[in-house]
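Undergrad: To start, I am sharing the structure in question, which I have written as structure tokens.
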Amino acid sequence: MSQPSMPRYTSIIFFLFLQLFFAAQPCHRTVTYAAGGGLWQLLQNSIGITAMHMQLLSNDRVVIYDRTDFGRSNLSLPDGKCRNDSSELVIKYDCTAHSVEYDVLANRFRPLMVQSDVWCSSGAVVPDGRLIQTGGFNDGERKVRIFSPCNGADCDWEEVGDGLKAKRWYATSHILPDGRQIIIGGRRQFNYEFYPKSSAPNVYSLPFLMETNDRGIENNLYPFVFLNGDGNLFIFANNRAILFDHKTNKVVKTYPAIPGGDPRSYPSTGSAVLLPLKNLQASTIEAEVLVCGGAPKGSFAKVENGTFVQALDTCARIKINDPNPRWVMETMPTARVMGDMTLLPNGNVLIINGAGAGTAGWEKGRDPVLNPVLYRPDDASGSRFELQNPSTIPRMYHSTAILLRDGRVLVGGSNPHIGYEFTGVLFPTELSLEAFSPSYLDPNFDDLRPTIVSSSASEGKNIGYGQKLLVRFKVTSKIVTDMVSVTMVAPAFNTHSFSMNHRLLVLGNEKVTVVGTSIYDIQVMTPPSGDLAPSGHYMLYVVHQEIPSEGLWVKIL
659 MSQPSMPRYT SIIFFLFLQL FFAAQPCHRT VTYAAGGGLW QLLQNSIGIT AMHMQLLSND
719 RVVIYDRTDF GRSNLSLPDG KCRNDSSELV IKYDCTAHSV EYDVLANRFR PLMVQSDVWC
779 SSGAVVPDGR LIQTGGFNDG ERKVRIFSPC NGADCDWEEV GDGLKAKRWY ATSHILPDGR
839 QIIIGGRRQF NYEFYPKSSA PNVYSLPFLM ETNDRGIENN LYPFVFLNGD GNLFIFANNR
899 AILFDHKTNK VVKTYPAIPG GDPRSYPSTG SAVLLPLKNL QASTIEAEVL VCGGAPKGSF
959 AKVENGTFVQ ALDTCARIKI NDPNPRWVME TMPTARVMGD MTLLPNGNVL IINGAGAGTA
1019 GWEKGRDPVL NPVLYRPDDA SGSRFELQNP STIPRMYHST AILLRDGRVL VGGSNPHIGY
1079 EFTGVLFPTE LSLEAFSPSY LDPNFDDLRP TIVSSSASEG KNIGYGQKLL VRFKVTSKIV
1139 TDMVSVTMVA PAFNTHSFSM NHRLLVLGNE KVTVVGTSIY DIQVMTPPSG DLAPSGHYML
1199 YVVHQEIPSE GLWVKIL
């Protein structure tokens, strides 16, 4: 585990100085930001597979999988199980696992069994908590697989035949307000479809995907998709985007290309997030998308000739509901391709993993970027980025990162090879799991950290739309009431540098009431509709001076 750059006692003295300094100021902001740059922890040396896809479920377990055609993994299936698949391209009779369930609270994992190839697929968690995973490669390209969470060891993958009508390899899924998911694109698929199916047509054309396809390179796979507050979908591919009405199959708005025109989608892989949604009771909700990193035009072709071009060091930010939307450019501390962007409970963004040169694809990345970067969207332009402490493990192609309920970020994966390769290669296949703890988890801030005691959504109660929600919490130090808020975060399905279905809603702060010694109630309003918060499970946080509590699972219906 890497250590902070300054000695521990120096950090404490510096923190105390900050407390004294800001307490003397007229502003209530007694803490700026937690200093120290975060900490790394190795959780597992090996889970037997490489974490190419990850999804956190509402029982604090993470479903992880890679692909069946990597060859034999380092984890056996239990009870003598073996997969016998005549259509498999590598090993037709395979007694090893290519999926695991990781128990976050116990720091344990167990093997799961997939029946067909899940390579480069997508997924979403539906309102009842099940993971619906879609597509893949070869015999898995039209398959739908279901994982129903359980607290024991009895649950495993169930496969639903050819549940898709089109081949979905490198497609993006997004949950919709009605509980269905839309599956968009994929290799040579310029269309979309829904799951579950209805009597309506099965596949719908989306010409935008053909328009953004660079011949021989693509640069439009795994499009970045976000549900806007009006129910339309923001769809980004290559270097530009549209606002799309999936109910009428019509483009509502066309956005300009990002200045410079460089691609940001696979294989010139950048990453993107929908920035925190605020003022949720307003008639019009401001929504901003942030796209970071990628590879300059022509990088993929140059890699084929042995030239690894430096990745992009820029981010582009756009207010998608503005009448005249324009991209605003920012510069990151480091260039990055194949990075992952994760929303943190306090509304900041963590940019993590990836390479400094090349592109996504087999053996196509160089110069691992070991330092995460913190992005504070509400700070002034030019002062939003902060370099964090580095990992010691390169996380290249096929790496992942997701937010956990306790505020840590789970990091895994990295396999830029066509099979499992552990020796004689530049970046060996990585089977480990790490956790990155942002600096808000530093014990120095325990007196500022809220602890949720109860809420009107506790004990399995669902919350509705547009309702008052009361959350009781404890803080040992004196609180600054106008610096307390409630946020709710949808857990992500993460693969190939994009966290599908990931969103953060700021429920705000209507009133904070003292109810006892160090005990407070905060009253907020829940989101008014499923367009802002699709039905399902969210992690609810109380945030005090940018220090979040541990999350509480809630379900909105």
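In this text, residue positions in the sequence shown follow the numbering used here: the first is 659, and each later residue adds one. Where a beta carbon is used, it is the ideal one built from N, C-alpha and C, also for glycine.
(1) Do you know how far the Cα of Leu1084 is from the Cα of Gly793?
(2) Starting from the Cα of Leu932, find the closest Cα among Glu946, Asp1100, Asp786 and give me that residue.
(3) Please give me, in chain order, every unbroken run of the beta strand (DSSP E) with length at least 3 that falls completely inside the segment 1009-1040.
(4) Roughly how many whole angstroms lie between the Cα atoms of Asn937 and His1202?
(5) Looking at the secondary structure, which residues open and close the beta strand (DSSP E) in which Leu1127 lies?
(6) Can you grab the Cα-Cα spacing for the pair Ser1039 / Cys973, in whole Å?
(7) Let me confirm a value: Lys801 is counted as buried when at least 16 other C-beta atoms fall within 10 Å, else exposed. Which label applies?
(8) Would the beta-carbon of Pro983 fall within 8 Å of that of Tyr924?
(9) Within 10 Å of its beta-carbon, does Ala755 have 16 or more other beta-carbons around it, so buried, or fewer, so exposed?
(10) With a Cβ-Cβ cutoff of 8 Å, do Asn1047 and Leu701 count as a contact?
(11) Looking at Asp1086: is its Cβ nearer than 8 Å to the Cβ of Phe1094?
(12) Pick out the complete alpha helix (DSSP H) segments inside the segment 819-892, 4 residues or longer, and give them in chain order.
(13) Compare the beta carbon distance of Phe958 and Ala1015 with 8 Å and say whether it is the shorter of the two.
(14) Quick check on DSSP: helix, strand or coil for Leu676?
(15) So does the segment 1112-1129 actually touch the segment 741-749, counting three or more Cβ pairs closer than 8 Å?
(16) Check whether the Cβ atoms of Glu1204 and Tyr1033 lie closer than 8 Å to each other.
(17) Taking DSSP's pairing of strands, which residues face Thr792 in a bridge?
(18) Rounded to whole angstroms, what is the Cα-Cα separation between Ile916 and Arg922?
(19) Quick one, are the C-beta atoms of Leu770 and Asp814 less than 8 Å apart?
(20) Going by the DSSP bridge assignment, what does Met771 pair with across the sheet?
(21) To the nearest angstrom, how far is it from the Cα of Gly837 to the Cα of Asp718?
(22) Less than 8 Å between the C-beta atoms of Thr1000 and Ile1010, yes or no?
(23) Between the alpha carbons of Leu733 and Leu970, how many angstroms are there, rounded?
(24) Does the distance from the CB of Pro1186 to the CB of Gln939 come in under 8 Å?
(25) Considering Cα atoms alone, identify which of Pro854, Val883, Val1173, Val1200 is closest to Asn1167.
(26) In the DSSP assignment, what are the bridge partners of Asn937?
(27) Any idea if Asp724 is buried or exposed, counting beta-carbon neighbours within 10 angstroms, 16 or more meaning buried?
(28) Should Arg766 be labelled buried (16 or more other beta-carbon atoms within 10 Å of its own) or exposed?
(29) Should Ile707 go down as buried or exposed, given a rule of 16 or more other Cβ atoms within 10 Å for buried?
(30) Looking at C-alpha atoms only, which residue of Ile705, Met712, Ser716, Ala709 is the closest neighbour of Arg1213?
(31) With three or more C-beta pairs closer than 8 Å as the rule, is the segment 881-892 touching the segment 852-861?
(32) Tell me, to the nearest whole angstrom, how far the beta carbon of Ala1059 is from that of Asn1159; I am working on the premise that it is less than 8 Å.
(33) Assuming Ile893 contacts Ile943 under a Cβ cut-off of 8 Å, what Cβ separation, rounded to an integer in Å, is found between them?
(34) If you draw a straight line from the alpha carbon of Lys855 to that of Val776, how long is it in whole angstroms?
(35) For Ile1137, count neighbouring C-beta atoms within 10 Å of its own C-beta (all shown protein chains included) and say buried if the count is 16 or more, exposed if not.
(36) According to DSSP, is Ala969 helix, strand or coil?
TA: From the atom records:
(1) Walking along the sequence shown from the start, residue 793 turns up at place 135. Walking along the sequence shown from the start, residue 1084 turns up at place 426. The straight-line gap from Cα to Cα measures roughly 30 Å.
(2) In the sequence shown, the residue the question calls residue 932 occupies position 274. It is Glu946.
(3) Entirely contained in the segment 1009-1040, the beta strand (DSSP E) runs reaching 3 residues are, in chain order, 1013-1016, 1023-1026, 1031-1033.
(4) Here residue 937 refers to the residue found at position 279 of the sequence shown. Here residue 1202 refers to the residue found at position 544 of the sequence shown. Going by the C-alpha atoms only, they are around 18 Å apart.
(5) Walking along the sequence shown from the start, residue 1127 turns up at place 469. Per DSSP, Leu1127 belongs to the beta strand (DSSP E) from 1126-1132.
(6) Here residue 1039 refers to the residue found at position 381 of the sequence shown. Here residue 973 refers to the residue found at position 315 of the sequence shown. Rounded to whole angstroms, Ser1039 to Cys973 spans 12 Å at the Cα level.
(7) What you label residue 801 is simply residue 143 of the sequence shown in a count that begins at 1. Its Cβ being crowded by 16 or more others within 10 Å, Lys801 is buried.
(8) On the sequence shown, residue 983 is found 325 positions in, with the first residue counted as 1. On the sequence shown, residue 924 is found 266 positions in, with the first residue counted as 1. No. Outside cutoff.
(9) Here residue 755 refers to the residue found at position 97 of the sequence shown. Ala755 should be labelled buried.
(10) What you label residue 1047 is simply residue 389 of the sequence shown in a count that begins at 1. What you label residue 701 is simply residue 43 of the sequence shown in a count that begins at 1. Contact flag unset, no.
(11) Taking the sequence shown and counting its residues from 1, the one referred to as residue 1086 is at position 428. Taking the sequence shown and counting its residues from 1, the one referred to as residue 1094 is at position 436. The question names Asp, but residue 1086 is Pro in the sequence shown. For Pro1086 and Phe1094, no; Cβs fall outside 8 Å.
(12) 865-869
(13) In the sequence shown, residue 958 corresponds to position 300, counting from 1. In the sequence shown, residue 1015 corresponds to position 357, counting from 1. No; because the gap between Cβ atoms is not below 8 Å, this pair is not in contact.
(14) As a working note, residue 676 is residue 18 in the sequence shown. Confidence at Leu676 is low in this model, with a pLDDT of 36, below 50, so the placement of that residue should be treated as unreliable; the coordinate-derived value is given next. Looking at Leu676 - three-state DSSP - the assignment turns out to be helix.
(15) no
(16) Against the sequence shown, residue 1204 aligns to sequence position 546. Against the sequence shown, residue 1033 aligns to sequence position 375. Cβ distance not < 8 Å, so Glu1204 and Tyr1033 don't count as in contact.
(17) As a working note, residue 792 is residue 134 in the sequence shown. Paired residues: Ser780, Val802.
(18) Taking the first residue of the sequence shown as 1, we reach residue 916 at position 258. Taking the first residue of the sequence shown as 1, we reach residue 922 at position 264. Whole-angstrom Cα-Cα distance: 9 Å.
(19) In the sequence shown, residue 770 corresponds to position 112, counting from 1. In the sequence shown, residue 814 corresponds to position 156, counting from 1. In contact: Leu770 and Asp814 (Cβ atoms closer than 8 Å).
(20) One-based indexing of the sequence shown puts residue 771 at position 113. Answer is none; Met771 lacks a bridge partner.
(21) Indexing the sequence shown from 1 puts residue 837 at position 179. Indexing the sequence shown from 1 puts residue 718 at position 60. A straight-line Cα-Cα distance of about 21 Å links Gly837 and Asp718.
(22) Position 342 of the sequence shown holds residue 1000. Position 352 of the sequence shown holds residue 1010. The answer is yes: Cβ separation under 8 Å.
(23) Reading the sequence shown from its first residue, position 75 is the one you call residue 733. Reading the sequence shown from its first residue, position 312 is the one you call residue 970. Distance between the alpha carbons of Leu733 and Leu970 is about 37 Å.
(24) Here the question's residue 1186 lines up with position 528 in the sequence shown. Here the question's residue 939 lines up with position 281 in the sequence shown. Yes, these two residues count as a Cβ contact at 8 Å.
(25) Here residue 1167 refers to the residue found at position 509 when the sequence shown is read from its first residue. For Asn1167, the nearest C-alpha among the options comes from Val1200.
(26) Walking along the sequence shown from the start, residue 937 turns up at place 279. Looking at the DSSP assignment, Asn937 forms no beta bridge with any residue, so it has no partner.
(27) Residue 724 sits at position 66 when you count from the first residue of the sequence shown. Classification for Asp724: buried.
(28) Your numbering for residue 766 matches position 108 in the sequence shown. The Cβ neighbour count for Arg766, taken over all protein chains shown within 10 Å, is under 16; the residue is labelled exposed.
(29) Residue 707 sits at position 49 when you count from the first residue of the sequence shown. Per the 10 Å Cβ criterion, buried.
(30) Counting from 1 along the sequence shown, the entry for residue 1213 is found at position 555. Reading off the sequence, residue 1213 comes out as Lys, not Arg. Nearest in C-alpha terms to Lys1213, of all of Ile705, Met712, Ser716, Ala709, is Ser716.
(31) Too few Cβ pairs lie closer than 8 Å, so no.
(32) The residue you call residue 1059 lines up with position 401 of the sequence shown. The residue you call residue 1159 lines up with position 501 of the sequence shown. Wrong, their Cβ atoms sit about 15 Å apart, outside the cutoff.
(33) Here residue 893 refers to the residue found at position 235 when the sequence shown is read from its first residue. Here residue 943 refers to the residue found at position 285 when the sequence shown is read from its first residue. Between Ile943 and Ile893 the Cβ distance is about 18 Å, and since that is not below 8 Å, they are no contact.
(34) Position 197 of the sequence shown, counted from the first residue, corresponds to residue 855. Position 118 of the sequence shown, counted from the first residue, corresponds to residue 776. Cα to Cα, Lys855 sits roughly 21 Å from Val776.
(35) Here residue 1137 refers to the residue found at position 479 of the sequence shown. With 16 or more other Cβ atoms within 10 Å, it is buried.
(36) Stepping through the sequence shown from its first residue, residue 969 is reached at position 311. It is coil, neither helix nor strand.
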